[in-house]
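Numbering (my numbering), first residue to last: 72 to 133.
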């Protein structure tokens with residue numbers, strides 16, 4: 072079963088959809104994060120949870 076690490080990003084209200092998209096795209100492109108969950112609140116703020124897979128190195132035994 073794959074293991075993931077998570078990061079929580081808060082996007083304040085008043086941030087346009089285009090700016091939020093650009094922020095999340097930068098995280099995805101440069102940090103290899105993917106969208107796990109997003110919540111949009113009544114005041115217009117968003118809480119986003121991003122995840123990326125943890126790749127463990129297997130020690131060589133020779």
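In this text, a Cβ means the ideal position worked out from N, Cα and C, and glycines have one as well.
Comparing alpha-carbon positions, which option in the options lies nearest residue i?
i	options	result
residue 64	98, 104 and 83	Residue 64 falls outside the range modelled here, since the chain spans only 72 to 133, and no answer is possible.
residue 126	115, 118 and 103	103
residue 115	75, 74 and 81	81
If residue i and residue j are in contact, beta carbons under 8 Å, what's the gap, nearest whole angstrom?
i	j	result
residue 121	residue 77	7 Å
Would you decide whether residue i is buried or exposed? Buried here means 16 or more other CB atoms lie within 10 Å of its CB.
i	result
residue 133	exposed
residue 95	buried
residue 129	exposed
Report the residue ranges of all alpha helix (DSSP H) runs contained in full by the segment 74-106; include only those spanning at least 4 residues, in chain order. 88-102
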